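Counting along the sequence shown from 1, when you hit position 419 you're at 419 in the UniProt record's numbering, and nothing is skipped either side.
Step one of this worksheet: look at the structure below.
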Amino acid sequence: MFTTSGTRFLRDGEPHLIVSGAFHYSRVHPDQWADRLRRLRAMGANAVETYVPWNFHAPAPGVYDFSGAADLERFLDTAAAEDLDILVRPGPYACGEWENGGFPGWLLADPGMRLRTSNPAYLAEVDRWFDEMIPLIAARQYPEGGRVILVQIENEYGSFGDDLQYLEHLRDGLLARGITVPLVTSDGPRMSWLLAGTVEGALPTMNFGSRTAEHLETFAAEFPDTPPMCMEYWHGWFDHWGEQHHTRAPEEAAHELRTMLAGNMSTNFYMAVGGTNYGLWNGSNHDGVIQPTITSYDYDAPIGEDGSLSPKFHAFRSIIAEYLPVPELPADLAVAPPALTPRDLPLTTSGVLTCDDLQELSLATAPQVPGLRTVTEPVPEPPTFEQLGLERGMLLLRSEVAHAGGTVPVRLHGLHDRAHVFIDGRLVGIVNRDEGTPETLEITAERGVLRIDVLVESQGRINFGPLLGDRKGILTGVWWGNRFINGWRAYPLALDVVGAAVSALCTQDRPAPQADGLTYRQYELAVGADEAGTDANISTAQRGRGFLWIDDSMLGRFWHIGPQQSLYCPGPLLASAGSHTVTVLETDPSPTVTDGGMSLLARPDLGEPAQP
Numbered sequence: 001m002f003t004t005s006g007t008r009f010l011r012d013g014e015p016h017l018i019v020s021g022a023f024h025y026s027r028v029h030p031d032q033w034a035d036r037l038r039r040l041r042a043m044g045a046n047a048v049e050t051y052v053p054w055n056f057h058a059p060a061p062g063v064y065d066f067s068g069a070a071d072l073e074r075f076l077d078t079a080a081a082e083d084l085d086i087l088v089r090p091g092p093y094a095c096g097e098w099e100n101g102g103f104p105g106w107l108l109a110d111p112g113m114r115l116r117t118s119n120p121a122y123l124a125e126v127d128r129w130f131d132e133m134i135p136l137i138a139a140r141q142y143p144e145g146g147r148v149i150l151v152q153i154e155n156e157y158g159s160f161g162d163d164l165q166y167l168e169h170l171r172d173g174l175l176a177r178g179i180t181v182p183l184v185t186s187d188g189p190r191m192s193w194l195l196a197g198t199v200e201g202a203l204p205t206m207n208f209g210s211r212t213a214e215h216l217e218t219f220a221a222e223f224p225d226t227p228p229m230c231m232e233y234w235h236g237w238f239d240h241w242g243e244q245h246h247t248r249a250p251e252e253a254a255h256e257l258r259t260m261l262a263g264n265m266s267t268n269f270y271m272a273v274g275g276t277n278y279g280l281w282n283g284s285n286h287d288g289v290i291q292p293t294i295t296s297y298d299y300d301a302p303i304g305e306d307g308s309l310s311p312k313f314h315a316f317r318s319i320i321a322e323y324l325p326v327p328e329l330p331a332d333l334a335v336a337p338p339a340l341t342p343r344d345l346p347l348t349t350s351g352v353l354t355c356d357d358l359q360e361l362s363l364a365t366a367p368q369v370p371g372l373r374t375v376t377e378p379v380p381e382p383p384t385f386e387q388l389g390l391e392r393g394m395l396l397l398r399s400e401v402a403h404a405g406g407t408v409p410v411r412l413h414g415l416h417d418r419a420h421v422f423i424d425g426r427l428v429g430i431v432n433r434d435e436g437t438p439e440t441l442e443i444t445a446e447r448g449v450l451r452i453d454v455l456v457e458s459q460g461r462i463n464f465g466p467l468l469g470d471r472k473g474i475l476t477g478v479w480w481g482n483r484f485i486n487g488w489r490a491y492p493l494a495l496d497v498v499g500a501a502v503s504a505l506c507t508q509d510r511p512a513p514q515a516d517g518l519t520y521r522q523y524e525l526a527v528g529a530d531e532a533g534t535d536a537n538i539s540t541a542q543r544g545r546g547f548l549w550i551d552d553s554m555l556g557r558f559w560h561i562g563p564q565q566s567l568y569c570p571g572p573l574l575a576s577a578g579s580h581t582v583t584v585l586e587t588d589p590s591p592t593v594t595d596g597g598m599s600l601l602a603r604p605d606l607g608e609p610a611q612p
C-alpha cells in the first residue's frame, strides 16, 4: 500500500522519501524509453513522473491512439520493469510547453468551449477522455498490478482559476474510474496559488526552483499534517526561439536538492530526462508577443535530450546517496550515447513548392488525416484551423479581389500566428502576429482581379496563462484597403502527419517556377551497417527557417535565430543501414548564407548559454 501519515509518505507501512524525475514519453522515441529510465534509476531516483497529453492520444473527436509513441501502457510497464515507482499527471491540462497545454485543438471548434472550468461541454469531453485513459493507469497502481503511487488532479490550477466545482469533478472522476492511490495537486509556491489550486481529498504539492528553505517553512505552517513535496523542482529551464540557451550551475542546483532532502521534502526533478518536441508539438507562451518554444526540450536536464549524462547527473546522484540507497552505475552506461561521425550530406534534389503545389498536397493528403477537411467552394470568411480540423501545421487560404490599381494597405485582422502573403503567385510580404494592430502590408499592383494566397502557420498554441485556448488562422478577416475580402477557399496542411507525401513531392528537381513559394532541398544520409541505429545531430546552422524530416518523420522546426542550431535524430529512425533522406522545407531563407549545405555534428548544438 502507498499511503500517508502526518508528514510522511508510507510505502508498505514504512516511511518513504520520493525522489522522482520528470520524463515525458511523448518527447522520447519509444525504443529509447528503457535506456532513459535505466539512466534515471542509475542517478538514484526511485520514481518517474510523466504527463499524459490528451492531444497526443486524441487526434480527432472520438479517435484515440495508444500505439507506437503513444503507447502509455508500454511506458508504464517499462518504468516498472526498471524498478521505478510512477507518478502520473493525467491532466486534463498539462502545460509542459506542449501544444495547447495538452488540449486537443478540435475542442476549440466549439465557440462555447471554456477550458479548465465546469463548463458542461468541456466536462463532457473530459469524461469521454478519462473513460479511455484512466483505466490504463488504474490497472497499474501499487501494489495491485503496477508501480503507480500518486495521481495528480489538473496542473497548477491555482494560477489559472478558482472553479472548485471543476476540481471536484476531476477528483470524483478519478475515484469513480478506480484510482485508489493518493491524489495530489501541484501549484506554484505563492499561498494564493496553493489555496486556489487545492481540493479536499488531494494532497497539495509545490513547484519551485529556489528558496527551498523558505518554501519548506511556508508549507509546514499552512499544511502541518501533509508530506512536503516539490512536484516540479525547476533546476533547469526551457528556451524560446530568439533567446539564449538556459542552463544552471550544477553546484547551485545540488544545494537546493540537499535542502529538500534534509527537510524530508520529496521531490520530482523537472526535467530529469530531456526530450524533443518532435513534429510540431511545441507550445508557446505569450508575454506581449507570442513566444514559441524551440524544438529541443533538453531543459539542461541531468539526462540530456540525447541521453548524455551531464555534470548535474553526478552531482544529484552524490546527494541522493546521502539519503537513499543508490544502485551501482552499470559498467556499460555510456556517458553519451554514440552519434554518427561528422560529415557533409550530399544534395540530391531542390526546388520550390508554389501555392498551387501546396494546394495539391492538401487535396491529396487531407483524406489521410482524421477529422481534416478542405474547403473548395468559397465561403464568406477565412476558415480557422479548428473549423477545418487542423491540429498543427499550415493553412493555405485563397481568394480573389478586384483592385482599382496603385498601392493599398492589406491588414490581417486576428492573425495567429504567421503568414506569407502572395499576390498572383508572387510573395509580397511575411507578417507576424503581435507586430502591429492589426498586422499590415502595403501592396502595389496594376488594376484588375488579383488572386491572393495567404499561407498561415501556427507556431504552437499557447500552453499557459489567460490566452490558453489559442485558436489559429485569421480569426477576424483580411481587410483590403477599406473592405473585407470575402469568398475564401481553404487548404489545410498537416505537415507533421503527412511526411511521406511531403518527402515524395520533393524527390525531384524542379526548374525555377514562374511563382514564389517554399524552398525545398533533399540530402542523402548514408548509414553503414556498423552505424545502423545510431543517433545523429543534424546541423541547421546553414539554413533559415522551416521544417526538417528524416525519411517520413518530421524531427521539428529550425530557425536561424536560435538558440539551437541542430536537430536531434534518434537512432531508431536510422535503424536500417543504407540511404536515408533528409528533407528540408524552408519558409524563410537564411539571411546570411545563400547556398548552405547540411552536415552532421558530433554533439548537439543547443546554442550559447544565457549568462547567469
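Ideal Cβ placement from N, Cα and C applies to all residues, glycine included.
The model shown is predicted, which means the values in this text are computed figures rather than measured ones.
When the Cα atoms are used, G414 and L441 turn out to be separated by approximately 14 Å.
Rounded to the nearest whole angstrom, the C-alpha separation of A445 and P342 is 49 Å. Its chain contains P250, D300, A301, P302, I303 and G304 as the residues whose beta carbon lies nearer than 8 Å to that of S310, once the 5 sequence neighbours on both sides are disregarded; these appear in chain order.
Three or more Cβ pairs closer than 8 Å define a contact, and the segment 500-520 falls short of that threshold against the segment 528-535.
Take L390, set aside five residues on each side of it, and the residues of its chain with a beta-carbon closer than 7 Å to its own are L372, P492 and A494, in chain order. Between L455 and L548, the C-beta gap is not smaller than 9 Å, which leaves the two residues out of contact.
Between the segment 242-259 and the segment 205-223, the count of Cβ pairs shorter than 8 Å is three or higher; the stretches touch. Counting C-beta atoms within 10 angstroms of its own C-beta, Q141 has 16 or more neighbours from the protein chains shown and is therefore classed as buried. Boundaries of the beta strand (DSSP E) harbouring D344: R343 to L345, taken from the DSSP string. Boundaries of the alpha helix (DSSP H) around W33: W33 to M43.
Between F2 and I179, the C-beta spacing is not below 9 Å.
C-alpha of E328 to C-alpha of D110: approximately 54 Å in a straight line. Secondary structure of Y520 (DSSP, three-state): strand.
By DSSP's assignment, W479 forms a beta bridge with R411 and F484.
Taking a contact as a CB-CB distance under 8 Å, the pair A262 and D306 does not count as one, their CB atoms being some 33 Å apart. In this structure, the straight-line span from the alpha carbon of Q564 to that of F558 is close to 8 Å. Collapsing the DSSP output to three states places E377 in a strand. When only Cα atoms are considered, A575 and L358 end up about 31 Å apart. Between E154 and L170, the C-beta gap is smaller than 9 Å, which places the two residues in contact. Put simply, of E381, W193 and Q387 the residue whose alpha carbon is nearest the alpha carbon of T374 is Q387.
With distances taken between CA atoms, L505 lies nearest to Q522 out of Q514, R489 and Q522. The three-state secondary structure of H420, taken from DSSP, is strand. Approximately 6 Å separates the beta-carbon atoms of D344 and G597; this is inside 8 Å, confirming the contact. In the DSSP assignment, D85 falls within the unbroken beta strand (DSSP E) covering D85 to R89. Apart from sequence neighbours up to five positions away, the residues of its chain that approach S159 with a beta-carbon distance below 6 Å are G188 and W193, ordered along the chain. Using a C-beta cut-off of 8 Å, the segment 5-23 makes contact with the segment 215-232, since at least three inter-stretch Cβ pairs fall below that distance. Residues P378, V379, P380, S399 and E400 of the same chain have their beta carbon placed closer than 8 Å to that of G487, with the five preceding and five following residues left out of the count. When the five nearest sequence neighbours on each side are left out, the beta carbons in the same chain lying within less than 6 Å of the beta carbon of A315 are those of P250 and A254, in order along the chain. Check the Cα spacing between L84 and each of F130, G21 and L340: the tightest is with G21. For W559, the beta-bridge partners assigned by DSSP are R545.
For A196, the enclosing alpha helix (DSSP H) stretches over residues M191 to G197. Counting the other CB atoms within 10 Å of its CB gives R543 a total of 16 or more, which places it among the buried residues. Cβ-Cβ separation between L518 and E586: approximately 6 Å, consistent with a contact (criterion under 8 Å). With a cutoff of 9 Å on beta-carbon distance, H420 and L412 are scored as not near each other.
Ranked by Cα distance from E457, the options F484, V449, T276 and V431 are led by V431. For Y166, the uninterrupted alpha helix (DSSP H) run begins and ends at L164 to A176, by DSSP.
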